[in-house]
Amino acid sequence: MEPRLSAVKQQEIIDFLKRPESHGLDARETVQCVETHGALIFLAGVHAYKLKRDVRLPYLDFSSLEKRRLACENELRLNQRTAPGLYLGTLPVVRRPDGALAIGEAIGEVDGAGEIVDWLVKMRRFPDDALLSRVVAKRSLSPQIVHQLADTIAAFHQSAAQSSAWGGADELARIAEGDGENMARFTPDLFDPERAQGVAKAMLGAVAAQRQVLEERRANGFVRHGHGDLHLANIYLDADGRPRLFDAIEFDDRLAQNDVLYDLAFLLMDLWHRDLRGEANRIFNRYLLRTGDLGGLGALPLFLSLRAGIRAHVSATMAAGSTDGEKNAALRAEAVSYLDLAAEVLRPRQPVLLAVGGFSGSGKSHLAAALAPLLGPIPGAVHLRSDELRKVMLGQDPEAPLGPAGYRAEVSARVYGEIHRRAEQALTSGQAVIADAVHNRADGRDALAALAARCDVPFRGIWLDADPALMAQRIGGRRGDASDADAAVMRRQVKSGAGPINWQRIDAALPLEVKLQWVQELLNN
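So the sequence shown is numbered by the numbering used here: it starts at 4 and just counts up by one.
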């Protein structure tokens, strides 16, 4: 299907919606218009009005009034799941008998005269700088926002309706074929034909390689009606500073009903593309912590590639429709960079098991979190932190304090067993793993080396040596951390010791950059 763009047909409506008087505002006020490939959003006073473009593209069709009405109703319904206070209703744009246009609510309920010429979604307006895409342009995401966002997505996926009718290998093959066809439309003018064909072929190869996993996940309830378009520009911070998901796909349920990791992959890909790799890895790991869903990790490179491929041809389509030379050039460059990322995420990488040990306050979790984005396939290593796993296994939030019962020897044995179980699952899926715990027992350290051998992956163990005074200082500076250990706990650990340690030892007092370089050199040798 060839794309059909009919903005000219809607131009009168667009001009009308750009006027402040159309929204009951003073003529001196301004109405801001934000354009996407499928809609125009008019920011007027305290409200926003979304108009579906009269457009037909290979992946969406708003080319009739009825299709746009249904899309508006679907958008309202679907987004009640994640942003109920944001979406207020649907409204008609009406042509009065005198030929003037009016927004439905402005003509009064008893005044039925007039022809409906289009439909709008009415929303509450939030500050422009509340969009997460704007937030990350100015600063990194705080740990609190990262945790809240991952927790929000995990809870949404766990409550979303299951849908085995779609998803699975055949559906993902269809998406891969669609990516290939859409990218081919922009060759050789924008995309190198050989490059685009190679990416499309690699996507289909990845679908074939992961077919059994994909079908098992569909059968086991991991295909759900998710968001479908989960990138940073579709997440905002509410008045309390909490992230909210909005603007879910409304035009094709089939696109939104897929593997939950495919849904998450759009956000991870977007963050990685913006060079926010630490944030991508931390959201990835927090989501895994909350859901325990490591079974689909082997398919994650495919999911990331498909998402990058979609953004490549969407950016190319937007460039083709732009008459602004500077904007056109930026969109073209963006499209090529997405295609490059679609290829990069499918490049094979060697998984590795890295263990980081040391007494409380030695800085092992800080080092592990910094290392995680640097190891293994995108978005980096699975970071298994004992402090967090312990809390989740006992039904607590990772940052909630535990009483003494949570630290009994039998509980600790279960926690280390869970680290080993999750590590094996991730490693056999091709993902790198960092096992972050005290690791003060020789038999536990030996068990990790044996696990790596069983999975046929390299193993490296790092032990952080630190002066007790430094560890006490670091413990005293913790705020909102998953570790409950205080200085007294640390001193008991030091007194008990860890026995002979045959791991590589590193001075915990060294700057983080030096430690990162040291560990990377160790892994490369």
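C-beta atoms are modelled at their ideal positions from N, C-alpha and C, and glycine is treated no differently.
Just so it is clear, the structure is predicted and the values come from calculations on it, not from any experiment.
For R314, the number of other beta carbons within 10 angstroms of its own is at least 16, and it is reported as buried.
The beta carbons of V522 and L374 sit closer together than 8 Å. With distances taken between CA atoms, R127 lies nearest to N82 out of E174, Q147, N82. Just measuring C-alpha positions, the residue of L291, T326, A333, Y341 sitting nearest L307 is Y341. In this chain, the alpha helix (DSSP H) harbouring Y419 covers 412 to 431. A direct Cα-to-Cα measurement between P407 and A168 gives close to 47 Å. Annotated three-state conformation of L387 is strand, per DSSP. In the three-state reduction of the DSSP assignment, W466 falls in the strand class, which pools E and B. Note on the stretch 83 to 135: there is no whole alpha helix (DSSP H) run with a minimum of 4 residues. Listed as beta-bridge partners of F45 by DSSP are C36, Y52. Contact check for L300 against A209 fails: the beta carbons are separated by 8 Å or more. Distances from the alpha-carbon of L274 to those of L235, P471, S145, A452 put L235 closest.
Taken through DSSP and simplified to helix, strand or coil, N261 comes out as strand.
A direct Cα-to-Cα measurement between H50 and A158 gives close to 28 Å.
By DSSP's assignment, H316 forms no beta bridge with any residue.
Going by DSSP, Q161 is part of the alpha helix (DSSP H) stretching over 146 to 162. Between I16 and the set P95, A416, P61, the nearest pair of CA atoms involves P95. Inter-residue distance for G170 and D262 is about 6 Å (C-alpha atoms, whole angstroms). Under the three-state reduction of DSSP output, L356 falls in the strand class. By the Cβ test, the stretch 328 to 345 is not in contact with the stretch 404 to 423, since fewer than three Cβ pairs between them sit closer than 8 Å.
In the three-state reduction of the DSSP assignment, V210 falls in the helix class.
Assigned with DSSP and collapsed to three states, P246 falls in strand. Taking a C-beta distance under 8 Å as the contact criterion, K498 and I509 do not qualify as a contact pair. Between S145 and the set A283, G92, T320, the nearest pair of CA atoms involves A283.
Beyond the five residues adjoining it in sequence on each side, D400 comes within less than 7 Å, by CB distance, of K394 in the same chain, given in chain order. Judged by their CB atoms, L60 and T320 are nearer to each other than the 8 Å cut-off. The beta carbon of S136 lies closer than 6 Å to those of L235, A236 in the same chain, with the five residues before and after it left out. With a threshold of 16 other beta carbon atoms within 10 Å, E174 meets it and is buried.
Counting along the chain, V436 sits inside no alpha helix (DSSP H); it lies in the beta strand (DSSP E) bounded by residues 436 to 439.
In the pairwise beta carbon analysis, the stretch 265 to 273 is classified as not touching the stretch 87 to 106: fewer than three pairs are separated by under 8 Å. Remark: C-beta atoms of L303 and I286 do not approach each other more closely than 8 Å. Going by DSSP, H369 is part of no beta strand (DSSP E) but of the alpha helix (DSSP H) stretching over 367 to 374. Put simply, of H26, E78, R245, G379 the residue whose alpha carbon is nearest the alpha carbon of A153 is R245. With respect to R227, Q165 sits close: the two C-beta atoms are nearer than 8 Å. Around the C-beta of E78, 16 or more other C-beta atoms lie within 10 Å, and the residue is accordingly described as buried. C-alpha of L405 to C-alpha of A371: approximately 23 Å in a straight line.
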